[in-house]
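Converting from the sequence shown to the working numbering requires adding 449 to each position, the first position being numbered 1.
Remarks on the structure that follows.
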Amino acid sequence: MYQPPLFKETRLDVLHALIRAHPLGLLISNGPDGPEANPLPFLLDAEPAPYGRLRAHLARANPQWRVLADSPDALIVFQGVDSYITPSWYATKRETGKVVPTWNYAMVQVRGRVRVVDDGEWLAGQIAELTATHEGSRAEPWQVSDAPDAYIAAQMKGIVGLEIEITEIEGKWKVSQNRPVADRVGVAEGLETGKPSAEHAEMAQLVRRYGGLEGE
Numbered sequence: 450m451y452q453p454p455l456f457k458e459t460r461l462d463v464l465h466a467l468i469r470a471h472p473l474g475l476l477i478s479n480g481p482d483g484p485e486a487n488p489l490p491f492l493l494d495a496e497p498a499p500y501g502r503l504r505a506h507l508a509r510a511n512p513q514w515r516v517l518a519d520s521p522d523a524l525i526v527f528q529g530v531d532s533y534i535t536p537s538w539y540a541t542k543r544e545t546g547k548v549v550p551t552w553n554y555a556m557v558q559v560r561g562r563v564r565v566v567d568d569g570e571w572l573a574g575q576i577a578e579l580t581a582t583h584e585g586s587r588a589e590p591w592q593v594s595d596a597p598d599a600y601i602a603a604q605m606k607g608i609v610g611l612e613i614e615i616t617e618i619e620g621k622w623k624v625s626q627n628r629p630v631a632d633r634v635g636v637a638e639g640l641e642t643g644k645p646s647a648e649h650a651e652m653a654q655l656v657r658r659y660g661g662l663e664g665e
């Protein structure tokens with residue numbers, strides 16, 4: 450990933466937090482027929498050191514797991530919040546006009562070697578944990594045991610597990626750090642007042658935090 454120093458995020462807790470907040474990762478591998486990519490919901494384990502481990506499953510009918518069994522190197526991309534940035538928010542536009550639009554975003558890319566897991570007990574544990582992670586905050590969370598045992602057993606026969614020990618992890622937070630302070634202020638205020646949304650509010654917070662504007 451192209452990494453200007455201003456945008457590089459190296460703190461492991463921050464990188465892990467983005468993965469947990471945006472767990473639908475794009476799994477990319479390369480086989481004899483060229484690159485393949487599929488979005489999968491991942492679970493992140495903080496161990497083993499130094500970077501942790503990812504777990505997921507995919508359909509047995511999906512050929513990517515067979516490709517990974519032969520060529521296990523993979524790249525997984527986790528996309529965080531992103532926002533279009535209009536140059537109209539920049540003080541520089543009013544001063545010189547020498548500005549253009551851009552896009553702000555936060556992203557984590559992970560590399561590792563995939564181990565294909567075709568084991569019922571492992572899959573049952575992974576499915577149970579994935580379900581609990583995303584259902585736990587609901588007033589009446591759905592559980593795997595809510596479905597008939599025979600139905601779940603049949604569903605599990607149709608999936609294959611993936612376990613990826615992370616060998617490299619890098620983050621890129623492109624959130625207006627390269628702009629003058631007045632432009633950063635304009636971006637944060639523009640995001641907060643232009644078209645209010647949860648995504649714009651989150652991006653405004655990142656612009657303030659990484660741009661040294663917190664408290665202003």
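Using N, Cα and C, we set each Cβ at its ideal position, and we do this for glycine too.
Quick caveat: nothing in here was measured; it's all calculated off a predicted structure.
For Y451, the three-state secondary structure derived from DSSP is coil. Assigned with DSSP and collapsed to three states, S478 falls in strand. Bridge partners of R502 according to DSSP: D494 and E614. The C-beta distance from E641 to A653 rounds to 5 Å, short enough to meet the 8 Å contact threshold. Shown here for A495: same chain residues with a beta carbon closer than 8 Å to its own, the five before and five after excluded, namely H465 and G501 in chain order.
Note that the segment 538-556 touches the segment 627-643; at least 3 beta-carbon pairs, one per stretch, sit closer than 8 Å. Bounds of the alpha helix (DSSP H) holding T582 are G569 to E584. In the three-state reduction of the DSSP assignment, K623 falls in the strand class, which pools E and B.
Distance from the CA of Q575 to the CA of R504, rounded to the nearest whole angstrom, comes to 7 Å. DSSP, reduced to helix, strand and coil, places W552 within a strand of the structure shown. Under a 10 Å Cβ-count criterion, K623 is classified as buried, with 16 or more other Cβ atoms of the shown protein chains found around its own Cβ.
By the Cβ-count criterion, V516 is buried, with 16 or more other Cβ atoms from all chains shown falling within 10 Å of its own Cβ.
Here the C-alpha atom of T616 lies approximately 5 Å from the C-alpha atom of G561.
Its Cα nearest to that of Q626, the residue F456 stands out among Y451, E614, T551 and F456. Taking the Cα positions, D522 is about 26 Å away from P454.
In the DSSP annotation of this structure, the continuous segment of the alpha helix (DSSP H) that includes Q654 starts and ends at A647 to Y659. In this structure, L467 sits away from V593, with a CB-CB distance that is not shorter than 8 Å. Taken through DSSP and simplified to helix, strand or coil, K542 comes out as helix. With a threshold of 16 other beta carbon atoms within 10 Å, G585 falls short and is exposed. Residue state for A518 is assigned as helix, using DSSP reduced to three classes.
Using a C-beta cut-off of 8 Å, the segment 565-575 makes contact with the segment 588-608, since at least three inter-stretch Cβ pairs fall below that distance.
Per DSSP, reduced to three states, the secondary structure at E663 is coil, with no helix or strand assignment.
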